[in-house]
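Numbering (the working numbering), first residue to last: 1210 to 1427.
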Ligand SMILES: [Zn+2]
C-alpha cells in the first residue's frame, strides 16, 4: 500500500526501476492533505457528533495504509479524483493535484475520496466536505451531481432520503447526520435526523431552483 509505482526500463526478463506514479510535488500535496484531514477534517466530524464510525474509519486511513494512484491523463475530464466505494484505494486526477489544483483542492479531494473508501456515496462525500471544508476549497455540487444523489439513497418517507452517514431532504436541501436507533435481528433500526450539516441548501434541492450552478466530480 502507499503510493502506487510502475516499472521503468528493464526488459521482459525483469530489471528496471520502480517509479512512483505520483511525482514528488503530488506526493507532498497528498501528504499535506492527509495531515489536514487529521488536524481538521476528523475533528470536524467528531465535533458534529453522530459520525463515530466514519471518523474511526478515516482515522485508519493513512498515506501508507491506502493505495494512492495519480492517474493523470487517464482521468475523465473535469474529475478531481475517484475511489471505489468501500475499498482501500484512491485515484487522484490533475484537477485535484498541483500544478492544476491548489493545495486546498488536494485537501478536499483526498477527504472526499476517503469518505467513499469508508463506504460513503456521493451525497455523503459532498455534504461532509461542504460541511467540514467550508472555505477550504470545497464547492457546491451541481444539479447533475445532486440528481444522482436520488438514485444512490433510499426513501425513508416524509421527504427524507438516507445515505450511508447522512440523511437528506431533497425538497428543502437540508442534510443531517444519520442517526440509527433500535433495531435487532428481526427489525430494522429507526433512522432519524441528527445534527444539521452546513451545506448550501439551494444546491441540494431537487428539483433545483433555477439558476443553480456548481461543480461535479466523482
Ligand atoms: Zn465522489
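The beta-carbon is built from N, C-alpha and C at its ideal position, and this holds for glycine as well.
- If the five residues before and after residue 1359 are omitted, its C-beta is found closer than 8 Å to the C-beta atoms of 1370, 1379, 1415, all from its own chain and listed in chain order.
- Distances taken from the Cβ of residue 1334 to the heavy atoms of ligand 1 include one shorter than 7 Å.
- The criterion of a C-beta distance shorter than 8 Å is not satisfied by residue 1312 and residue 1300.
- The continuous alpha helix (DSSP H) containing residue 1251 extends over residues 1251–1257.
- Bounds of any beta strand (DSSP E) do not take in residue 1233; it lies within the alpha helix (DSSP H) bounded by 1233–1245.
- Annotation for residue 1359: the continuous alpha helix (DSSP H) segment containing it runs 1352–1361.
- Sorting 1335, 1372, 1326, 1402 by C-alpha distance to the C-alpha of residue 1297 places 1326 at the top.
- Relative to the non-hydrogen atoms of ligand 1, the Cβ of residue 1331 comes within a distance shorter than 7 Å of at least one.
- By the criterion of a C-beta distance shorter than 7 Å, residue 1309 is surrounded in its chain by 1303, once the five residues flanking it on both sides are discounted.
- The alpha-carbon of residue 1250 is positioned some 46 Å away from that of residue 1222.
- Between the alpha carbons of residue 1400 and residue 1365 lies a gap of roughly 8 Å.
- For the stretch 1253–1337, the full-length alpha helix (DSSP H) segments reaching 4 residues or more read 1261–1268, 1312–1326 along the chain.
- Per the Cβ contact rule, the stretch 1267–1278 is in contact with the stretch 1322–1339 (3 or more Cβ pairs under 8 Å).
- For residue 1294, same chain residues with a beta-carbon under 8 Å away, outside a window of 5 residues either side, are 1325, 1326, 1328, 1329, 1330 in chain order.
- Going by DSSP, residue 1213 is part of no beta strand (DSSP E) at all; its letter is neither H nor E.
- A contact between stretches requires three or more CB pairs, one per stretch, nearer than 8 Å, and the stretch 1256–1265 meets this requirement with the stretch 1395–1411.
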